[in-house]
Amino acid sequence: MNEILDPLLLARWQFGLTTIYHFLFVPLTIGLVTVVAIFQTAWYRSGKVHYLQLTHFFGKLFLINFAMGVVTGIVQEFQFGMNWSNYSRFVGDIFGAPLALEGLLAFFLEATFIGLWIFGWDKLPRGIHLACIWITAAGTILSAYFILAANAFMQNPVGYTLNHARGRAELTDLWAVLTNKVALAAFPHTIFGCFMVSAGLLISVAAWHLSRNRNLETMRPALKFGLWMMVVAGIGSVFSGDQLGLAMVQTQPMKMAAAEALYKTSTGADASFSIFTLGTPDGVHELFSIRVPYLLSFLSTHSLDGTVEGINDLNAHYQELFGPGDYTPIIWVTYWAFRWMIGLGLLHVLVAVVGLWFTRKGRTPPWAWMWKVAIWAFPLSLGAMIVGWIFTEMGRQPWIVFSLMKTQDGVSPGTTGLEVLISLIAFTAIYGTLAVVEFKLIKRAAQKGPAPAEDHLDDEGKHVPVATVY
4 MNEILDPLLL ARWQFGLTTI YHFLFVPLTI GLVTVVAIFQ TAWYRSGKVH
54 YLQLTHFFGK LFLINFAMGV VTGIVQEFQF GMNWSNYSRF VGDIFGAPLA
104 LEGLLAFFLE ATFIGLWIFG WDKLPRGIHL ACIWITAAGT ILSAYFILAA
154 NAFMQNPVGY TLNHARGRAE LTDLWAVLTN KVALAAFPHT IFGCFMVSAG
204 LLISVAAWHL SRNRNLETMR PALKFGLWMM VVAGIGSVFS GDQLGLAMVQ
254 TQPMKMAAAE ALYKTSTGAD ASFSIFTLGT PDGVHELFSI RVPYLLSFLS
304 THSLDGTVEG INDLNAHYQE LFGPGDYTPI IWVTYWAFRW MIGLGLLHVL
354 VAVVGLWFTR KGRTPPWAWM WKVAIWAFPL SLGAMIVGWI FTEMGRQPWI
404 VFSLMKTQDG VSPGTTGLEV LISLIAFTAI YGTLAVVEFK LIKRAAQKGP
454 APAEDHLDDE GKHVPVATVY
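Everything in the sequence shown is counted per the numbering used here, starting at 4 for the first residue and increasing by one.
Following this line, the structure appears as structure tokens:
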């Protein structure tokens, strides 16, 4: 019973569940707003009405998702004060700057210009109205960077000094925090992932309509755009992920060692990439593995004879630096999360490549089941991003701020397990309800499809008020 009501365990579960739930909406928001801006730009430059139809259609999906993301994101702030007051006190001086910039600058741009975009269709000049959606897109991307900069401090603390008397880290160099090497590497990788998730939605929605011979004039270009977007963003994810891996090896070598289940420090051919590994229950020894020689050395150091530190040596080194204890994350979680992230992402890119081949030069896929694959493949990229974040956060354990504060020391001292359990049950019930509402709204809007062309233009070919379209 004491284990069930352990405040630390329950607080970690609650933060993990609420964070992952909120993150369901973040990548789609970041990617979709850019897609909408591109479609509106295409309409602005070409005057083709099907681009206007796509702008309104995916704009509606974006707004539904954006609203849900804002609602669930607010809860994240409460977590710091409710269950993680010691952590908040320790990093508050550091986190205050990037999170304030995110709220006052980035979110201000989003909230202001998305309002102008929604209500300014028939009131603002086309060029200014187009600029509103691009500024909104820039605000969402900028918001992501500030959040990643704050998270990067947890992975690689920089720009601070420790105030031992007050028991907290204090900001000394904001620029160092904002240009943290982990943030600079994680940002493009995250954004490319967001574009993959949005491309997956375009592919799924377009495939659903095309498989039923509906809205052919709008969904054919949407499908082609989504397929190419998936391939380009997938390539970008691979190269940006390589740079993030290099930063991870430099700042958190234990995370890379755990990701590869590498127990012994290895060089060259011995530093091999693990396709499949089994270890002892205590995670100290490797029992069986299937490996590719030299590949881990190359990925970690860009050299075939590079050295990659192993779990056992790193744990012994950390014990010398930080005192007795186990500094190894849960190996099976980090190992498989890393592989699921790569596998799911590559599988979605493969679906897009196959789709481009079978739809080239206006062709229609020869088998009906291919449409179903395109429709049901949407969760692949989203799943890749979710397990990627699980890997990022779980691979840092037992630290909540790497090398400075352990997770067990960040929990609120006055919070009981029962209190956390009650709030965990409440959040789960509320979020479950919101999930049903979100899914039904998105599904209904997606299946309804774009409004007919005549609903977007009047008899003189001018754009009609947005209320008649939405």
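For each residue, glycine too, the CB sits at the ideal point set by N, CA and C.
Exercise for the section: Under 7 Å Cβ to Cβ from Y356, same chain only, skipping five residues before and after it: list those, please. Expected result: The displayed chain sequence assigns Val, not Tyr, to residue 356. Taken in chain order, the residues that qualify are V234.
Exercise for the section: Return the Cβ separation of A377 and H351 in integer angstroms, given the expectation that the two are a contact with Cβ distance under 8 Å. Expected result: Actually they do not touch by this definition, with Cβ atoms about 10 Å apart.
Practice task
Look at the alpha carbon of N68 and the alpha carbon of T436, and state the distance between them as a whole number of angstroms.
Solution key: 15 Å
Handout entry: CB of M344 within 8 Å of CB of V390, strictly
Key = yes
Practice task
Pick out whichever of L230, A172 and L213 has its Cα sitting closest to the Cα of L93.
Solution key: Residue 93 is actually Phe in this sequence, not Leu. Out of L230, A172 and L213, A172 has the C-alpha closest to the C-alpha of F93.
Handout entry: Residue burial classification, H305 (beta-carbon count within 10 angstroms, cutoff 16)
Key = exposed
Handout entry: Rounded straight-line distance, which links the Cα of G309 to that of T143
Key = 39 Å
Handout entry: Simplified DSSP state of I333, which is helix, strand or coil
Key = coil
Exercise for the section: Decide if P128 is buried, meaning its Cβ has at least 16 other Cβ atoms within 10 Å, or exposed. Expected result: exposed
Problem - the stretch 93-111 contacting the stretch 9-28, beta-carbon criterion three pairs below 8 Å - result: no
Practice task
Note down the Cα distance separating L133 from A141, rounded to an integer number of angstroms.
Solution key: 13 Å
Practice task
From the DSSP output, in three-state form, read off A168 for me.
Solution key: coil
Problem - Classification of P327 by the beta-carbon crowding that lies within 10 angstroms, buried from 16 upward - result: exposed
Exercise for the section: Please determine, among L181, A260 and T193, the residue with the shortest C-alpha to C-alpha distance to Y338. Expected result: A260
Exercise for the section: Can you say whether V311 is buried or exposed, counting buried as having 16 or more other CB atoms within 10 angstroms of its CB? Expected result: buried
Practice task
Given a cut-off of 8 Å, decide if T182 and T175 are closer than it, judged by their beta-carbon atoms.
Solution key: no
Exercise for the section: At 3 residues or longer, and completely inside the stretch 146-210: list those beta strand (DSSP E) runs for me, N to C. Expected result: 163-166 and 171-174
Handout entry: N-terminal and C-terminal residue of the beta strand (DSSP E) that V404 is part of
Key = W402 to V404
Exercise for the section: Rounded to whole angstroms, what's the CA-CA distance from G118 to T395? Just pull it up for me. Expected result: 34 Å
Problem - Range of the contiguous alpha helix (DSSP H) that encloses A377 - result: A371 to W379
Practice task
Assess, as a yes-or-no matter, whether the stretch 188-202 is touched by the stretch 13-20 under the definition of 3 or more beta carbon pairs within less than 8 Å.
Solution key: no
Handout entry: Residue span of the alpha helix (DSSP H) that contains A429, given as start and end
Key = G420 to K451
Problem - Of the residues L265, E422, A448 and F228, the one placed nearest S300, counting alpha carbons only - result: L265
Exercise for the section: Inspect the beta-carbon positions of W124 and T139 and report whether they are closer than 8 Å. Expected result: no
Practice task
Would you check if there are 3 or more beta carbon pairs closer than 8 Å linking the stretch 216-232 to the stretch 198-208?
Solution key: yes
Exercise for the section: Using only alpha-carbon positions, find the residue among D316, W335, Q158 and F65 that is nearest to L407. Expected result: Q158
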